[in-house]
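K.L.:
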Amino acid sequence: MLTRFSDFNDWPSFGFADFGRPQAARAQLHREFERLFGEVERSAPLASGAPTFEDDGSNFVLRADVPGLAESDLQISVAGNTVTLRGERKVQVPEGYSTHRRERSAVSFAKSYQLPARVDAEKVTATLKHGVLTLSLPKVADARPRQITVKAA
Amino acid sequence: MTFFNLNRSKEEQPVSQAQETTATRARQLALPVDIYEGTEELLLLADLPGVEPEGLSVSFEASELRIEGRRGSGDTASVYSRTFRVSEQIDPAGISAELNAGVLKLRLAKAAHTKPRKIEVRAG
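Chains as they are written, first to last, in the working numbering: chain C, 1 to 153; chain X, 154 to 277.
1. Looking at the C-beta of X:Y189, does it have a partner C-beta in chain C at a distance below 7 Å?
2. For X:G222, which of helix, strand or coil comes out of DSSP?
3. Taking the alpha carbon of X:L197 as the point to measure from, which residue in X:S249, X:V204 and X:A230 has its own alpha carbon closest?
4. Any beta-carbon of chain C closer than 7 Å to the one on X:E205?
5. Starting from C:P67, find everything on chain X with Cβ-Cβ shorter than 8 Å and list it in chain order.
6. Would a C-beta distance cut-off of 7 Å place C:V140 and C:R118 closer than the cut-off?
7. Could you confirm whether any beta carbon from chain X is found closer than 7 Å to the beta carbon of C:S98?
8. Pull the bridge partners of C:P138 from the DSSP assignment, please.
9. Buried or exposed for X:I188, please, with buried defined as at least 16 other CB atoms from any protein chain shown within 10 angstroms of its CB.
10. Sorted by chain position, which residues of the same chain lie with C-beta nearer than 6 Å to X:E251's C-beta, five sequence neighbours on each side aside?
11. Do X:V239 and X:L218 count as a contact pair if the criterion is CB distance below 7 Å?
12. Since C:P67 contacts X:L201 with CB under 8 Å, what's their CB separation in whole angstroms?
13. Have a look at C:N59, C:G87 and C:V78 and flag the residue whose alpha-carbon is nearest the alpha-carbon of C:P145.
14. Starting from X:Y233, follow its DSSP beta bridges and name the residues at the other end.
15. Output, in sequence order along the chain, the residues in the segment 85 to 114 of chain C whose CB is closer than 8 Å to any CB in chain X.
16. For the beta strand (DSSP E) containing X:S249, name the first residue and the last one.
17. Determine the DSSP secondary structure at X:G191, reduced to helix, strand or coil.
18. Can you find the residues in the same chain that come closer than 8 Å, C-beta to C-beta, to X:A265, ignoring five residues on each side of it along the sequence?
19. For C:E103, does the three-state DSSP call read helix, strand or coil?
20. Does any residue of chain X bring its CB to less than 7 Å from the CB of C:V61?
21. For C:L78 versus C:V124, is the C-beta distance shorter than 7 Å?
22. In the DSSP assignment, find the beta strand (DSSP E) that holds C:Q147 and state where it starts and stops.
23. Give me the residue from C:R102, C:A143, C:D120 and C:K151 with the minimum Cα distance to C:G80.
24. Answer yes or no: do X:R224 and X:V204 have a C-beta to C-beta separation smaller than 7 Å?
25. Using CA coordinates, which residue listed in X:F213, X:T192, X:S226 and X:N253 is at the minimum distance from C:T99?
26. Would a check of beta-carbon distances place X:V186 closer than 7 Å to chain C?
27. Check the C-beta distance from C:L137 over to C:L85 and give it rounded, since I have them as a contact under 8 Å.
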């Protein structure tokens, strides 16, 4: 059973600004998440469509929407319990075309997240599929849950 | 001149009590689009991260262009959807769609008679 830890609210915008959500509740949630996954670096504005983190026991799983980004547009680094994502998407008007509507934004982000436990940087895997980045971050052995057998007295 | 008008009526339909209690209504996701116009076609780009080609539907009927994408399945499913009214004359046979890295690229060829024509001026 996967446990959803948090939805971050500070992911760069690939979509619309999220006007509907009450700011106070959002700030409160953000503080809660900040406690679990403290952010140590930020270069992008607050926006919606944030990455999600899950803990399946032996791995943390991070998923982030990165539509239009190729593998080469993404840089991922892991050190200790900190994971850093960098990425860039440029939006260009095709040559000879005029613009009628422009909602997709150019994006440049560099964000670091602190995980609640150390991960084995050698065994981290990253996949990019249909515009979604999935990072699987295996915990170091002593951070994994252990099954304790109860013995009859 | 605007050829596309966002049809908000469908998006802003209030959720009825019945729909809420059945919990079958999937979460709506923001679907940002860019629309460009060239001499031969209209070009629409849309961000639909997480949507597979099988989960995407694009329809064009009675000047209405509808984009619908389904992401995930079961309890965690969510949907993208938007409808546009296209006032430019479009050749329905000349619509092509391509989904790559979570970005939909939709080409809508203009109907032949709306393309700009070059008029030769002959010497009198």
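Glycine included, every Cβ here is placed at the ideal spot set by N, Cα and C.
Bear in mind that the values here come from a model prediction, so they are computed numbers and not experimental data.
P.N.:
The answer reads as follows:
1. It does: the Cβ of X:Y189 has a partner Cβ on chain C nearer than 7 Å.
2. Three-state DSSP puts X:G222 in a strand.
3. X:S249
4. Look at X:E205: its C-beta is under 7 Å from a C-beta on chain C.
5. D200, L201, P202, A254, G255 and V256
6. yes
7. yes
8. C:N59.
9. buried
10. Here X:E251 has K258 as same chain residues with Cβ atoms under 6 Å from its own Cβ, once five neighbours each way along the sequence are excluded.
11. Note that the C-beta distance between X:L218 and X:V239 is below 7 Å.
12. 7 Å
13. C:N59
14. X:L182 and X:G222
15. V91, V93, P94, G96, Y97, S98, T99, H100, R101, R102, E103, R104 and S105
16. I243 to N253
17. coil
18. Answer for X:A265: D244, listed in chain order.
19. coil
20. no
21. According to the sequence shown, residue 78 of chain C is Val rather than Leu. Closer than 7 Å, so yes.
22. It is not in any beta strand (DSSP E) - C:Q147 carries neither H nor E in the DSSP assignment.
23. C:D120
24. Between X:R224 and X:V204, the gap from beta carbon to beta carbon is short of 7 Å.
25. It is X:T192.
26. Among the residues facing chain C, X:V186 is included, as its CB has a counterpart in that chain under 7 Å away.
27. The Cβ separation is near 12 Å, so there is no contact.
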